[in-house]
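K.L.:
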Amino acid sequence: MKLYYHPLSGHAHRARLFLSLLGVDAELIEVDLAARAHKSPEFLKLNPFGQVPVLDDDGTIVADSNAILVYLAKKHAAKDWLPEDPRGAAAVQQWLSVAAGEIAYGPCAARLVTVFGAGFNADEVIARAHLILRHIEAALDGCQWIAADQPTIADVALYSYIARAPEGNVDRSAYSNVNAWLKRVEALPGFVTFRKTAIGVPEPA
Ligand SMILES: N[C@@H](CCC(=O)N[C@@H](CS)C(=O)NCC(=O)O)C(=O)O
């Protein structure tokens, strides 16, 4: 099993985190984004979108972080992580969609501005980040995990960019449910950290 990744990519961290939570060994192959290795003909054969992460499971190529989470859960019959009943599966999918939508266009985009110099309107993406954080704060009220009574791939998919939201100048201090949930994810056996940068506002204690 190989994971093409970059240490500052939250999408890649999602995949790496889930491999580690499952206890699955994978060779990590760092893709040099600064040198545009992700746009090379070799890499585009793996993922025509030219993005990390990509999983290579003995020749089965899976691109897209959420697709990798689903693939790994199915492959390892990890039914707690990806419930099979209609309600449970739909609840997980709802939050995978949020991870690919509101999280990508909110806290992920805010961090792209500060860490990678992306040309988005910072005020706009920070406002979007707070909008989705308010939703998640409410969804976690009285709940330990976002989609079920146990951790699922929805928690994994949401974690990385919310954990590093302060790097994008998104102050997380008003979100006590979210901050407690982040700590629960970080306490899971096999948790692996997402590299921090010195950029942005401080993380709440
Ligand atoms: N939908 C993709 C998005 C992946 C993504 O945006 N990856 C970024 C790094 S965080 C990337 O490779 N960007 C380079 C590019 O889009 O050119 C996923 O979930 O894996």
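Read left to right, the sequence shown gives residues 63 to 267 (this note's numbering).
Just so it is clear, CB atoms sit at the ideal spot from N, CA and C, and this is done for glycine as well.
Here the structure is a predicted model, which means the values were calculated and not measured.
For the stretch 74–82 and the stretch 129–139, state whether three or more C-beta atom pairs, one from each stretch, are separated by less than 8 Å.
P.N.:
Flag = yes, the stretch 74–82 and the stretch 129–139 touch.
K.L.:
With Val269 as the anchor, note down where its beta strand (DSSP E) starts and where it stops.
P.N.:
The requested residue 269 is not part of the displayed model; the chain covers only 63 to 267.
K.L.:
Let me check understanding here. Comparing Cα to Cα, which of Ala242, Arg173 and Gly112 lies closest to Arg190?
P.N.:
By one-based count along the sequence shown, residue 190 stands at place 128. The option with the nearest alpha carbon to Arg190 is Arg173.
K.L.:
Output yes or no for whether 8 Å exceeds the beta carbon distance between Ile123 and Val116.
P.N.:
The count along the sequence shown starts at 1 and reaches residue 123 at position 61. The count along the sequence shown starts at 1 and reaches residue 116 at position 54. Cβ distance < 8 Å, so Ile123 and Val116 count as in contact.
K.L.:
Hey, how far is the Cα of Leu152 from the Cα of Leu70?
P.N.:
Within the sequence shown, residue 152 is the residue found at index 90, counting from 1. Within the sequence shown, residue 70 is the residue found at index 8, counting from 1. In the sequence as displayed, the identity of residue 152 is Ala instead of Leu. Computed Cα separation, rounded: 30 Å.
K.L.:
Determine which residues share a DSSP beta bridge with Glu92 and list them.
P.N.:
Counting from 1 along the sequence shown, the entry for residue 92 is found at position 30. As a beta-bridge residue in DSSP terms, Glu92 pairs with Tyr67.
K.L.:
Taking all protein chains shown into account, do 16 or more other C-beta atoms lie within 10 angstroms of the C-beta of Ser238, making it buried, or fewer, making it exposed?
P.N.:
Numbered from 1 along the sequence shown, position 176 holds the residue referred to as residue 238. Result: exposed.
K.L.:
For Ile123, report the span of its beta strand (DSSP E) as first-last.
P.N.:
The count along the sequence shown starts at 1 and reaches residue 123 at position 61. First-last of the beta strand (DSSP E) with Ile123: Thr122 to Ala125.
K.L.:
Suppose contacts are defined by Cβ-Cβ distances below 8 Å. Is Ala161 in contact with Ala219 by that definition?
P.N.:
Position 99 of the sequence shown, counted from the start, is the residue given in the question as residue 161. Position 157 of the sequence shown, counted from the start, is the residue given in the question as residue 219. Yes, they are a contact pair.
K.L.:
How far does the alpha helix (DSSP H) with Glu199 in it extend, from its first residue to its last?
P.N.:
Walking along the sequence shown from the start, residue 199 turns up at place 137. Segment Ala184 to Ala201, the alpha helix (DSSP H) holding Glu199.
K.L.:
Where does Leu81 fall in DSSP's three states?
P.N.:
Position 19 of the sequence shown holds residue 81. Correct three-state label for Leu81: helix.
K.L.:
What does the alpha-carbon distance come out to for the pair Ala125 and Lys107?
P.N.:
Your numbering for residue 125 matches position 63 in the sequence shown. Your numbering for residue 107 matches position 45 in the sequence shown. Whole-angstrom Cα-Cα distance: 11 Å.
K.L.:
Any heavy atom of ligand 1 inside 7 Å of the beta-carbon of Asp126?
P.N.:
In the sequence shown, counting from the first residue as 1, residue 126 sits at position 64. Flag set: Cβ of Asp126 near ligand 1.
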